[in-house]
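Numbering (full-length UniProt numbering), first residue to last: 1 to 373. Every residue gets a Cβ at the ideal spot worked out from N, C-alpha and C, and that includes glycine.
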Amino acid sequence: MEWELPQIKRSHHVVVNEQGDVCIGQIPGLSKIVRNPPSWFIPLLERLDGSKRIDDIIQELRNLEYQVTRDEIFHIIQSLGQFNLLEDPQRQSQLLSTEELERYDRQILQFSLCDRQGLPGFVYQEQLKNSTVLILGVGGWGSWIALQLALLGIGTLRLVDGDEVELSNLNRQVLYDRNSIGKPKVLAAQEKIKEINPHVNCEVYEYFVGADRQQIDKLVEGIDLIILAWTNLGIYCSEPITETLHQVALNKKIPLMEFGADPLEVIVGPIYLQDGSCPSYSELQGTLKQAFYSVDENIQSFQKAEIMRNYRDGNRIVKNWHSCPALSIASGMVADQAIKVLTNYDEPILVGKRFKISLRTFESKIEFLHFDF
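Right, here's the structure in full:
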């Protein structure tokens, strides 16, 4: 690539250590260390700000009495470009408004910092703007996810829930306040999201999803990612809704992500990409049950009894304890993985895996999920 107005990526810091070595960038594997650089190297980098042509940079260095050749400077600039350390200031977004570019500036820098594809950071933001995410459930889990994805600039959020806001929701369901009490959650969420980010389109469906295949087909039409933000019993007992949803997502090759949180533990993942790179939901049932139930038969018997006590035919009959800290932690991780799935600016680490952390001990682990045989 010919660099007319070369610019070090705005996301990249240039750091010089005591030995005079130079590091451009912060992430191992995506940064570059230059050891024992020539005396003109730092002055060169300082001039790679997107405002100067290469010939002008060469002349400025010579005016400072650095003995540089045109070939040397061209070689360095081409090398920096090949290492993905430069960006073209003349390449501008045709989709994002000036307001959006300023609103999302810090995360655009993040995308540029982690970029592995040689794309400007704003391209990843454009991909988010062009994305549609389906969030099933906008209670404790889903309201936090919807908030974070709205802040990130997802173009369209499709929210589905048949519940109304209650006073007891307000300790943890972040999109609602006292004025929301008695309103359908999806409508209250839609109103709040518009206040938070008017650039986000919010589609709402005021009902509880059933196992009806046609209903689910309609919900997932045009969807780029499904986030299951309701209590999922599919790994504990027969639950046709979850099974049907996963089957539709698999058939249509729509990525789907699960997570869960309570005040004691956060579980994020797995992500099902539906592209054959990891097991599908139906292929993981035995593995997921094993991961949930204790190997101690005595403890396992009580775990199963509690599931039966708390649920009948997939319907919750008791209220669970909940508060906002666990929900905010989980939703941040989910949002992080979601935008990686949608843009591929960085690798989503929870494809076919689950991350678990105890909020009592802070012990954590990643569970690798494998095919059932």
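Distance between beta carbons of residue j and residue i, contact taken as under 8 Å
i	j	result
Gly-269	Arg-213	Incorrect: roughly 26 Å between the Cβ atoms, too far for contact.
Leu-245	Ile-216	6 Å
Leu-284	Pro-255	15 Å between Cβ atoms; not a contact.
Leu-5	Pro-89	6 Å
Beta bridge counterpart(s) of residue i as assigned by DSSP
i	result
Asn-201	Thr-156
Pro-184	Glu-164
Ser-364	Ile-357
Thr-242	Its beta-bridge partners do not exist; DSSP assigns none.
Phe-256	With the sequence shown as reference, residue 256 is identified as Leu, and Phe is not the correct amino acid for it. Its beta-bridge partners are Ile-226 and Tyr-272.
Asp-212	DSSP lists no partner for Asp-212.
Tyr-261	A small correction: the amino acid at residue 261 is Ala; Tyr does not occupy that position in the sequence shown. Looking at the DSSP assignment, Ala-261 forms a beta bridge with Val-266.
Met-87	The sequence shown places Glu at residue 87, not Met. DSSP, once it has assigned bridges, lists Gln-7 as partnering Glu-87.
Cys-324	Beta-bridge pairing links Cys-324 to no other residue.
Leu-32	Residue identity differs from the one stated: residue 32 is Lys in this sequence, not Leu. Note: Lys-32 sits in a beta bridge opposite Ile-24.
Leu-136	Val-160 and Leu-228
Asp-49	Gln-7
residue 374	In the structure as shown, the chain begins at 1 and stops at 373. Residue 374 is therefore absent and cannot be evaluated.
Val-351	Ile-271
Rounded separation between residue i and residue j - CA only
i	j	result
Leu-342	Ser-277	16 Å
Thr-132	Lys-9	29 Å
Val-14	Pro-240	55 Å
Glu-2	Leu-61	20 Å
Leu-44	Ile-366	44 Å
Asn-171	Arg-178	11 Å
Glu-206	Gln-26	45 Å
Phe-373	Ser-280	Reliability fails at Phe-373, whose pLDDT of 40 lies under 50, so the model's placement of it is uncertain and no value is given.
Gly-234	Val-123	The pLDDT assigned to Gly-234 is 44, lower than 50, so where the model puts this residue is not dependable; a value taken from the coordinates is nonetheless given after this. Cα to Cα, the separation comes out at about 37 Å.
Glu-72	Arg-91	26 Å
Arg-53	Asp-336	38 Å
Tyr-176	Ala-188	7 Å
Ser-364	Leu-147	26 Å
Glu-166	Ser-51	56 Å
Pro-28	Phe-41	21 Å
Ser-180	Phe-368	41 Å
Leu-359	Gly-162	30 Å
Ile-76	Gln-19	21 Å
Thr-98	Lys-218	34 Å
Tyr-236	Ser-282	Low confidence applies here, because Tyr-236 scores a pLDDT of 43, under 50, leaving its location unreliable and the question unanswered by this model.
Met-257	Gln-67	57 Å
Glu-195	Phe-74	49 Å
Ser-143	Asn-298	37 Å
Phe-302	Arg-106	48 Å
Asp-49	Tyr-104	21 Å
Glu-100	Phe-362	37 Å
Ile-349	Glu-191	33 Å
Ala-305	Leu-96	53 Å
Val-318	Gly-332	Summary for Val-318: the model assigns pLDDT 48, below 50, so the residue's position carries little reliability, and this model does not support an answer.
Glu-243	Asp-275	18 Å
Ser-79	Asn-344	24 Å
Glu-102	Ala-211	43 Å
Pro-37	Ile-193	50 Å
Trp-321	Arg-47	58 Å
Any non-hydrogen atom of the ligand HEM closer than 7 Å to residue i Cβ
i	result
Glu-363	With respect to the ligand HEM, the structure offers nothing, as it holds no ligand at all.
Within 8 Å, strictly: CB atoms of residue i and residue j
i	j	result
Gln-7	Leu-86	yes
Val-266	Ala-330	yes
Ile-145	Ile-135	yes
Ile-108	Gln-94	no
Ile-357	Leu-152	no
Ala-229	Ala-326	no
Ser-31	Cys-23	yes
Glu-164	Gly-182	yes
Ile-271	Val-351	yes
Gln-159	Leu-149	Correcting the residue type first, residue 159 is Leu in the shown sequence and not Gln. Contact: no.
Phe-259	Val-334	yes
Pro-263	Ser-323	yes
Ala-21	Arg-35	Just to set this straight, residue 21 is Asp in the shown sequence, not Ala. Taking 8 Å as the Cβ cut-off, Asp-21 and Arg-35 qualify as a contacting pair.
Val-138	Val-209	no
Asn-63	Gly-118	no
Given residue i as reference, the closest of the options once Cα atoms are compared
i	options	result
Asp-224	Pro-38, Gly-142 and Gln-127	Gln-127
Val-220	Gln-190, Asn-251, Leu-170 and Gln-173	Asn-251
Ile-33	Arg-47, Trp-40, Asp-49 and Val-16	Val-16
Gly-81	Ser-97, Thr-98, Phe-111 and Arg-116	Arg-116
Asn-130	Gly-222, Ser-180, Glu-191 and Glu-347	Gly-222
Glu-65	Asp-346, Glu-191, Phe-111 and Ser-39	Ser-39
Glu-347	Leu-96, Phe-302 and Phe-111	Phe-111
Arg-70	Gln-78, Asn-298 and Ile-58	Ile-58
Pro-184	Asn-197, Val-204 and Pro-198	Val-204
Residue-level contact to chain D via CB, residue i, 8 Å cutoff
i	result
Gly-210	Note that chain D does not occur in the displayed structure, where there is just one protein chain.
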